[in-house]
Each structure stands twice: as structure tokens, then as C-alpha cells.
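In what follows, a single structure is set out as C-alpha cells and then discussed.
Below, the structure is given as C-alpha cells:
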């Protein structure tokens, strides 16, 4: 074999080896890119094979988000007023209750706090209470537009479910007038109170 033939054989060999190397590199990069694509953020988590795992997670999320909230509203009280036709004047509280409507009307949750909000502050010392089965809960002083009752402090506001309470009661307490003043003085114009509404939120 002469020198020309040897050179041609070398060139063919080098060419074939180059083609094989390029092909191998392209294949490796293709596989690497494919693997990187599977590790992108947001890729689906591998299936554990347990069909109940996702259901359990969904149930737990629902339980954590499900609120225990019961809302009651009452209104249309007859005014609480000072009767100045007698001496000394007398506070008239009757009737001092209004039926309460609950939403939802039934519940299985066990609330631990009750927040009451009243539409207007009384002109003198007054109290709020709830009525259940003909009995009254402990009265709570009304000295602002809102207040909180905790189950740990006043359990009878939580006897049974809140929806068992049928009415909200309001009553004046103490003195809304001065015994030393004549009963006709000023006609006691502000000593009458009938709030538009009371809202109770149990949670």
C-alpha cells in the first residue's frame, strides 16, 4: 500500500471517529436537558400510590378552615323609660325582651366566646341577658357598644347550643334619675332607651 492510500485511510478513520464523538455528545446533552425539564419548579410531586393521602389532606384543610360561628340578631324592644307620673319616679323595664333569630338555626359546634354589639348605649346603667327555657342567664353590664363574654367566665351564656336561647333581654339598673330633683324637671327627655338592634356572635 503506497503513501497516498495510507493518508486517505487515516482521513477516513478520523472522519468516522469525529462523527461518532459528535453523535455521543448530542445524545448526552439531550438526556441532560430532559432531566432538567423534570426538575423545574412547580413540577408535580411523585404519586405515593396511596389514594387516601390526598383525600386526608383535603379533609384536614377543610376542617381547619371551617368556622364555628353562629350569629343571632334581635330588635323591636319596647322602650325602657322613667315613669315621672309617680313620686319618686320609677324605671319601667317591661317588656324588656325581643326574640332572637339565629343563623344557622342549628349547629353542632361548641363556641367559647360570645361578642355582643348593641346599636346604642343606654343613658344610664343597664344590663343585657339571654332567655332560655323561661330562665335568664347572668346579666352583663352594658357600658359600651360592644362586649365579650367568655365561656370560662360565664358558662350559663353557653348552656347547650347558642340556638337554644330564644330572646335577648335588656334592663335598666341603678338610678337613671336624681331623687333630689323634682320629677318634672326637664321632663327626663333622655331617660328613655330602646336600641334598634343587638347582634350576638358566638364562635
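In the working numbering, the protein residues as written are 541 to 743.
Every residue, glycine too, gets a C-beta built ideally from N, C-alpha and C.
What you are looking at is a predicted structure, and each value in this text was computed from that prediction instead of being measured.
How do the region 643 to 658 and the region 671 to 678 stand: do at least 3 beta-carbon pairs fall below 8 angstroms, yes or no?
Contact between the region 643 to 658 and the region 671 to 678 is absent, because fewer than three Cβ pairs lie under 8 angstroms.
If you follow the beta strand (DSSP E) that residue 688 is part of, which residue opens it and which one closes it?
In the chain shown, the residue the question calls residue 688 occupies position 148. Note, residue 688: beta strand (DSSP E), 686 to 690.
Using DSSP's beta-bridge definition, name the partner residues of residue 656.
To locate residue 656, count along the chain shown from 1; it is residue 116. Its beta-bridge partners are 687, 740.
Helix, strand or coil: which one does DSSP assign to residue 704?
Reading the chain shown from its first residue, position 164 is the one you call residue 704. Residue 704: helix per DSSP, three-state reduction.
How far does the beta strand (DSSP E) with residue 615 in it reach, from first residue to last?
Translated into positions along the chain shown, residue 615 becomes position 75. Taken as a continuous stretch (DSSP letters only), the beta strand (DSSP E) holding residue 615 covers 610 to 615.
Using a Cβ distance threshold of 8 angstroms, determine whether the region 632 to 645 contacts the region 684 to 691, with at least three qualifying pairs required.
In short, these stretches do not touch, since the Cβ pair count stays below three.
According to the neighbour-count rule (16 or more other Cβ atoms, all chains shown, within 10 Å of its Cβ), is residue 695 buried or exposed?
Locating residue 695 in the chain shown gives position 155, where the first residue counts as 1. Flag for residue 695 reads exposed.
Classify residue 709 as buried or exposed, calling it buried when 16 or more other Cβ atoms lie within 10 Å of its own Cβ.
In the chain shown, the residue the question calls residue 709 occupies position 169. It counts as buried.
Does residue 650 come out as helix, strand or coil in the three-state DSSP assignment?
Start at 1 with the first residue of the chain shown, and residue 650 comes out as number 110. Coil.
For residue 709, write down the residues that DSSP places opposite it in a beta bridge.
Within the chain shown, numbered from 1, the residue matching residue 709 stands at position 169. DSSP output for residue 709 lists 637, 669 as bridge partner(s).
Taking residue 681 as part of the beta strand (DSSP E), name the residues at either end of that continuous run.
Translated into positions along the chain shown, residue 681 becomes position 141. Residues 680 to 682.
Have a look at 683, 618, 644, 713 and flag the residue whose alpha-carbon is nearest the alpha-carbon of residue 703.
Here the question's residue 703 lines up with position 163 in the chain shown. The candidate whose alpha carbon is nearest that of residue 703 is 644.
For residue 659 versus residue 736, is the C-beta distance shorter than 8 angstroms?
What you label residue 659 is simply residue 119 of the chain shown in a count that begins at 1. What you label residue 736 is simply residue 196 of the chain shown in a count that begins at 1. Yes.
Reducing DSSP to helix, strand and coil, say where residue 733 ends up.
As a first step, residue 733 must be located in the chain shown, where it is residue number 193. In the structure shown, residue 733 sits in a strand (DSSP, three-state: E or B).
With 16 as the cutoff for other CB atoms within 10 Å, does residue 641 come out buried or exposed?
Counting from 1 along the chain shown, the entry for residue 641 is found at position 101. Classification for residue 641: exposed.
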